[in-house]
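> Residue numbers (the working numbering), protein chains in the order written: chain U, -1 to 518; chain P, -15 to 296; chain R, 1150 to 1423; chain X, 29 to 513.
What follows is a single structure, and I will ask about it in a moment.
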Amino acid sequence: MNPVVQVIRLAATAGESILVDNVCFDVWPGQVTALVGASGSGKTTSALALLGEHGNGVRLGGTVEVDGQVVVDRNGPTSAAAGVKGRVVAYMPQHPGSALNPARRIGATLRELERLHHPTENVVVEALRAAQLPSDPKTLKRFPHQFSGGQRQRIAMAQALTCRPKVLVLDEPSTGLDSITRLQLVSELEGLADGGLGILLLSHDLDLVRALASQVVVLSAGQVIDSGGPEVLAVAPELAPAGTTAAGKPLLKAMSLSASLRPRGRDPILHGVDLAVRPGHCIGIVGRSGSGKTTLARCVAGLHERYTGRLLLDDQSLPVLRKRSLEQNRRIQYVWQEVRGSFDERRPVDQQVARTAQRLRGLRHTEADAEAVATLARLGVSAITAGRPPSRLSGGELQRAALARAVLAHPDVLICDEITTALDDHGTALVVELLTELKDRGTALVWIGHDLGLVAAVSDHVLVIEAGRVIEQGPPATVMTEPKHDLTRRLVRAARIGHRPPDSPPVLTSSNDTRSEPRR
Amino acid sequence: MRSYAAQRAALALVQLAVLSVLVFVLTALLPGDAAEMRFTETLTPERISRMRTQLGLDQPALERFGHWFGNVLTGDLGTSLISGGPVADIIRHSVGATLVLTLATLAVVVPLAVVLGIVMGTRENGRLDRAITSVTLALSAIPDFVIAVLLVAVFSLKLGWLPATWVGGDLLASPALLILPVAVLFGRTVCLLSRQVRAGTISALQAEYVVQARRLGVPRRQLLLRHVLPNAAVPGVQELARTGDTLLGGVLVVEAIFAIPGFATALVDGVETRDVPVVQGLTLVLAVAALVINLAADLVCNRLVPRTELLR
Amino acid sequence: MKARLPLAGSVARLPLAVSAVLVVVPLLVAVFGPFVHLEAAPGLPYSSQGVLGTDGLGRDVLQLLLSGGRTALGMAFGAVLIAYIVGGLIGLTAASTRHRWLDEALIRPLDVLLPLPSLLVISVVAVGWRASALAITFAVAMVNVPTVARLVRAAALDAASSPVVEALRMQRESWFGIHLGYVGRAVLGPVAADIGTRITLAVFLVASVNFLGLGLSPTAPDWAVSVSRNREGLLLQPWAVLAPAFMLVSFTLGFNLLADRLVHRSRRLVEVAR
Amino acid sequence: GSGGEAAAQPRQGGRLRAVYAGGGAKEVLDPHVQSLFVDIARHKAMYEKLVELGPDLKPVPRLAEKWEHDAQATTWRFTLRDATFHDGKKLTSEDVLYSLARIADPAVPERVAQSSLATLDLRRSKAIDARTVELVLSAPNAEFPALLAGIGTQIVRDGFKDPTKPIGTGAFRFVSFDAGRSLVASRYDDYWDEPARIEELHILSAESEARANAVQGGQAEYANDMTATFARTAEAGKTVRIVAAKASTMQAFVMKVDRPPFDNPDVRMAFKLLADRQRLVDVVLAGRGAVGNDLFGKGYQYYPADLPQRERNVEEAKALLKKAGVLNQEIEFLTADASAGFVEAATLFAEQVAEAGVKLKVTTGSSQTYAKDLLTKGAIGNHRSGAMPIPQYITDRLLTKSPFNVTHWRRPAFDSGFAAAQVLTDETARSTKYGELQQTLRDDGGIIAWGHPDYLVAVSAKVQGVAAVPPNTLDSGRFDKVWLA
Ligand SMILES: Nc1ncnc2c1ncn2[C@@H]1O[C@H](COP(=O)(O)OP(=O)(O)OP(=O)(O)O)[C@@H](O)[C@H]1O
Ligand SMILES: Nc1ncnc2c1ncn2[C@@H]1O[C@H](COP(=O)(O)OP(=O)(O)OP(=O)(O)O)[C@@H](O)[C@H]1O
Ligand SMILES: [Mg+2]
Ligand SMILES: [Mg+2]
Ligand code: NI
């Protein structure tokens, strides 16, 4: 059997800078080849070369041979590249949802691709089946916005499959997925590979790679530093769950908290959630995407005003943010999930961070600046980087700046909403270190995350939320090892991909996806 | 969807009712009344006041408005205070010319603007893009009455190629009558529209879904027609709906210069002669048209790109 | 109204200097022209006496040109200024209020006004307060208020409901800090893009009103009035029409080109910053 | 003289499109309600009056073949011509009586001739036979035939009710009408005074610019009431010919003699002396007109042509103004764009008056209400008058009870003098008396008649037989004598 894709000494340069250099890998039919590496290491650049595609001002070199045709040679993309697109290589971009044309019914696009590539066969139905979607006319008549996020991802997959390519390139398919959805993805991909498709997987999610790939190529700064079977990846250390330690009076209490989207309780999101955090304690909140975690956090932070129930800080009633006193404001701080939106585009990041200390702790300008720079440095963000406007910072850097902004208030309760999603292991470690120190000084933490291992490692008590209700809670050790609720069990089991093969095949019906109800 | 339509319709009814009151107040604020406007050197003041009584203008304003409003609810727009003829007739007479003019303009402008916009958008900042932008920009910068005066001077009076006025002309016999008026209205509209289409094309071309379609092997022509055009048309359609009012301002100038007996002229005449029922009727028709056009534009946009949010 | 896509997408191709000259000449004439007095003996209608000949009343066209810009441009600028003061205030208040009813009370009436033909408003004002520059200015301003208010509100609302404002509140930033420091600056962009087109539109509208004889007195030296009144003599003495027309076109053309350039520049800056 | 250059044999047939200043919705089809030029032209094509006016505004017979009156000029006997209506019915005395009754109907105040025919006593008037009618006046009036030639005196058919279905005795019969736009009429073959040569007549309405464009662009063959500037432009080309009736109408400034400062005769005289008539004629009328002598009706019957022409005299005016103490005062001049040249004349006059140290502040009002505003507001304004017999002008504008007395000239002596003149059946005696009255007016009245514009009609080169006569006279706007070469 021959590899369907051969990449030999691929190079990509943009002016002076070298983006990718001397990269070699093969893709075999029926197998998954994974390109792994930190953000910016050249994964996307390498993969797009299979289509002869490159960014503005980027030059390609080396050789890329796809299905016996040379698409890239020493002089860059060849004329054969156009023939490869779709028919041989299908590329799924990082956020497939946005790759669907909002103006066209999904059927129209699928049929169009069918006419283009396989006019005589009925590939659409087949592709939909492979992507686990119904193929009835009603579904085909819907527009992309009438599907849930998970379904949209599968539609993009169906589009790629309609071309019936020999190679499927998947760019970061697991970003933002909860563990159950991620598990579904694994089994979908396995099925496709079994059908003889060659898959190129680009990811920094090592667990996913471990579960799927038969070849792994590790990139770093545009160069291959290691390649071989999955064994080249170090086995992830099992994070030991932290035990319950500190005791004392609860610092923050929420009692039968219910929240809704619209006034007077219409469109409820949360239903009677109780919650208590002690000083120096960390409470972890997990749950599937869209279960209401952020809403709960925003209620506590005083940002979500449409709620009923009681919030107590030190046994004193806690109003919404607008009505909080300076002290109450300082004592509870929130770190945004979508960090980029929470920074003002027009001011340097360090100034925005320092402002907290000025406004909430009355520090002078220079003192505040110094403290901001120090905190950012601890988190691995240099002063030079932080002096830029937010648009020039990477997602990971911005995430840490947002944490610093909240920490500068010296809060008593710190709410962290998925603050490590854009971080690599090193960054995560720096964050955990800072938070542990805060905990030791008596700060209470509310930690929201979908990485169950990390949650278990940081928190003293875990809440599992589903559709706005707490369905299970307890010490992380208990919740992780003896989950009582069915969903918790599935979450835990699904989280273990790459560690140990799942003991039973996951359930793939779309009703398990809380976001899969078609929206109109 | 149905509740949306009902909501829009209810809002529209309220808008129309408030608008009627507003127009009535506006015209009531004007000095003089219709009887006075009929004053000529041969009518004595005593006869004028008798006419005022006959026209019912001596009744309190509120009563007159109530009377008018009640009639409108039954579908009767009343009679003109000046000519004594039914307002509906006046509207029917004047709407035709303006409609022909506007439709003819749109028939020229819309296809051209779409083509130009797409050409410009696909060649962003290229030489062609710059050339078209400069030309349309320059066209749109010339006030319509200046264009009109110059066009008439050159093409009708100097060269004698085209008719300069609708007086004595018959549109059916000589469609050339339309050329100059349309040419005047053409410049600004084509500029506004083509630039919206251009912007739409550029953003659609950069959109992830177009890039993705190209990656899946969709050829360029098909890409432009099926994937780019519908998305690029949305800002254009919205602009078109908004242009209505501006276009009407331009139409007045054109109607005045080419002596076209149209809507805008009738409206201004109505105001000048204090013919309140005529002004009310014309405004009502205009407002209904504006509301319908906006609703249609929203629906079309929603049809083109279904995610467009309907309410605002 | 949603923030308009910036009208201009591309760089003005003419060199900056040309567009600047196009704008500045009519502006200078408008501002300083009225102070210049030429010694021109009255002549016969449409004669070629003097630099640019005479108009239909035997007046010197050059002298008229110098005194006619003040109303032609001043009324438009005044109207846009008033529209922005009134509309901007309404829009900002509506966007920043926490009381939904206040927002509704401010914005709903504008919704109702939107289908009111501007033509009607202007002709009523023009007929009612004939020949008053102030009245026409106000009418043109009032016609623009609803759109300006909605534009400002939409832009401000986007900013005011963004997480940035929440973050600023979490930092206990003052009301002024938030509204002038962030929301106001966010509104500035769309407003700057809008002001360019709005001023040219206002120039057009004012000029059209004057042209149609609904505005200033027919013997006023205003550029648009001159074009209107002298077009009859276009073939006898073209300068009486062409000179004022050129001034108007020069201003709007230059202004359009400049606005186009500015909008493009600001967009490029944003793109570079990304 | 005639406009037609002694062309060859008149040709039959064709369509003539004539454009007049439009009145929009104000245009009417009822011949008794007319007031606009375009209405008059339209009705003239379809209807006729008993009496018409000659080129010097002297009454000439029309539907009335001849007339005679008793010694006091109170009882008038009109003999009708053998004419038929468009529906074939012969013209009779009953039609005349019906028409006059219809005009006088008090329930319809807009019938224009109501005031001028107020002295007609219909109850005592009667038909003598089918073609003789006797009209009796409540007060003697030697000018009665001229009144029957006034506006809105058309003879309609007995029982005529629906003005939208016009039936008259005129040279053209009605086809269609669209207010503010057009009237279409076709030749009436049984017209008593030689049927028209053209087949079809369109009378269109349009503003001045559109009229010019239409006649130049070949979309009309006849354009009424053109500007001097247009005439200048047209004469440079070949397609359009200008037919000018010299000095046919009047342009004037009117001062209210009962309002300060014009209640002082010295001020009135000073203003008359300040007007630079030649310059006004040169600029406002672009030279197409004659200077005025502060009197209406230059060239008409009863005009005192022997009075000396008033000349400009700034020094004398200054002295008078100083004596009256109005130097350096500001006076408001109320004008409007109601008629061509109004604002221009006002602006120019303000400059001329300024030379004597009086500031005239020109205020432009609404053109729609100007006629009424002039009557009630301000102290000085513009005035224009079309052609009409001098006695009628005086009746309408210069008597105590005149409805349109814009100068507020209310002098009992003048009134009685005029009344005395009107009953004089001897024309020479009447003429002398009128002359005296007019001299008082010229020296003491409030009218500064600065110019008499030519009445300009533009016709396309192929139109022949258009007479250069003042408006409102028999041959003006008369299309039955016109032909297309
Ligand atoms: N058009 C371009 N011009 C210049 N540099 C570029 C261009 N496109 C990408 N780069 C740079 O090339 C490097 C590799 O980019 P690439 O998108 O391949 O990274 P990646 O491994 O896919 O990262 P990620 O995980 O963030 O998607 C990055 O440092 C990036 O900044
Ligand atoms: N502004 C909104 N408009 C409509 N629906 C909303 C809005 N905000 C939240 N929701 C819905 O409320 C539910 C809870 O949202 P929330 O953001 O709290 O979820 P989450 O648990 O934080 O999810 P994730 O893990 O994806 O961040 C979701 O179903 C979401 O779709
Ligand atoms: Mg990438
Ligand atoms: Mg969330
Ligand atoms: Ni809008």
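Just so you know, even glycine gets a beta-carbon here, dropped at the ideal spot from N, CA and C.
Just so you know, these numbers come straight off a predicted model, no measurement behind them.
1) The alpha helix (DSSP H) that contains E227 of chain X, what's its start and end?
2) Touching or not, the segment 266 to 281 of chain P and the segment -3 to 5 of chain P, by the rule of three or more beta carbon pairs under 8 Å?
3) Residues of the segment 67 to 87 of chain U with a CB closer than 7 Å to any CB of chain P: list them in chain order, please.
4) Here's the rule: buried if 16 or more other CB atoms are within 10 angstroms of the residue's CB, otherwise exposed. What is A167 of chain X?
5) Spell out whether any CB of chain P is found under 7 Å from the CB atom of P1393 of chain R.
6) Taking only the alpha-carbon atoms, compute the straight-line gap between Y330 of chain X and R90 of chain X and give it to the nearest angstrom.
7) Determine the closest residue to L161 of chain P out of P:A167, P:P147, P:F170, with distance taken between C-alpha atoms.
8) What does P137 of chain X reach in chain P if we use C-beta pairs closer than 7 Å?
9) Assign G463 of chain X to one of three DSSP states: helix, strand, or coil.
10) At the 7 Å Cβ level, is A1316 of chain R part of the contact set with chain C, yes or no?
11) Taking Cβ-Cβ distances shorter than 9 Å, what residues in chain P pair up with T1368 of chain R?
12) Among R:A1392, R:A1394, R:L1365, R:P1393, which has the Cα closest to the Cα of T391 of chain X?
13) Which residue from U:R488, U:G28, U:T486, U:G360 puts its Cα closest to that of L210 of chain U?
14) Whole-angstrom Cβ separation of P142 of chain U and L98 of chain U, contact assumed at under 8 Å?
15) Could you tell me whether the Cβ atoms of V485 of chain X and V271 of chain X are closer together than 7 Å?
16) Could you tell me whether the Cβ of Q196 of chain P comes closer than 7 Å to any Cβ of chain U?
17) When you compare the segment 157 to 165 of chain U with the segment 96 to 111 of chain U, are there three or more beta-carbon pairs, one atom per stretch, that lie closer than 8 Å?
18) With a floor of 4 residues, list each alpha helix (DSSP H) that falls wholly inside the segment 61 to 147 of chain P, ordered by position along the chain.
19) Spatial neighbours of G220 of chain P within its chain, please: CB distance less than 6 Å, with the 5 preceding and 5 following residues excluded, ordered by chain position.
20) Are there 16 or more other CB atoms within 10 angstroms of the CB of R199 of chain P, so buried, or fewer, so exposed?
21) Counting only C-beta atoms, is R209 of chain X closer than 7 Å to chain P at any point?
22) On the three-state DSSP scale, how would you describe G66 of chain U?
23) Among U:R344, U:P277, U:F341, U:S289, which one has its Cα closest to the Cα of D438 of chain U?
24) State buried or exposed for A146 of chain X, treating a residue as buried only when at least 16 other CB atoms are found within 10 Å of its CB.
25) Can you confirm whether L469 of chain X, when its beta carbon is compared against all beta carbons of chain P, has any partner nearer than 7 Å?
26) Scan the segment 246 to 271 of chain U for residues whose Cβ lies nearer than 7 Å to a Cβ of chain R and list them as they occur along the chain.
27) Give every residue of the same chain whose Cβ lies closer than 7 Å to the Cβ of D265 of chain U, excluding the five residues on either side of it in the sequence, and list them in chain order.
28) Pop quiz: M1396 of chain R and L1177 of chain R are said to be a contact at Cβ under 8 Å. What is the actual Cβ separation, rounded to whole angstroms?
29) Between the alpha carbons of F113 of chain X and I75 of chain P, how many angstroms are there, rounded?
30) Excluding the five sequence neighbours on either side, which residues of its own chain have a C-beta within less than 6 Å of the C-beta of A1335 of chain R, listed in chain order?
31) May I have the straight-line CA-CA distance separating D443 of chain X from A273 of chain X, to the nearest angstrom?
32) Within 7 Å of any Cβ in chain P, is that where the Cβ of S1272 of chain R sits?
33) Looking at chain R, is there any beta carbon in it that lies within less than 7 Å of the beta carbon of E256 of chain P?
34) Work out the CA separation of L461 of chain U and E236 of chain U for me, nearest whole Å.
35) What is the DSSP secondary structure of Y483 of chain X, reduced to helix, strand or coil?
36) Under the rule that 16 or more other beta-carbon atoms within 10 Å means buried, what is S1196 of chain R, buried or exposed?
According to the structure data:
1) Neither: E227 of chain X is in no alpha helix (DSSP H) and is coded neither H nor E.
2) yes
3) K83, G84, R85
4) exposed
5) no
6) 22 Å
7) P:P147
8) R31, R34, M35
9) helix
10) Among the protein chains of the structure shown, namely U, P, R and X, there is no chain C.
11) The premise fails here: T1368 of chain R is roughly 18 Å from chain P at the closest Cβ pair, so nothing lies under 9 Å.
12) R:L1365
13) U:G28
14) 4 Å
15) yes
16) yes
17) yes
18) 71 to 106, 111 to 125, 128 to 135
19) L177, Q180, V181
20) buried
21) yes
22) coil
23) U:P277
24) exposed
25) no
26) none
27) S258, L259
28) 11 Å between Cβ atoms; not a contact.
29) 35 Å
30) A1308
31) 32 Å
32) yes
33) yes
34) Residue placement at E236 of chain U cannot be trusted, given a pLDDT of 47 that sits under 50; what the coordinates show is reported in the next sentence. If you take the alpha carbons of E236 of chain U and L461 of chain U, they lie about 21 Å apart.
35) strand
36) exposed
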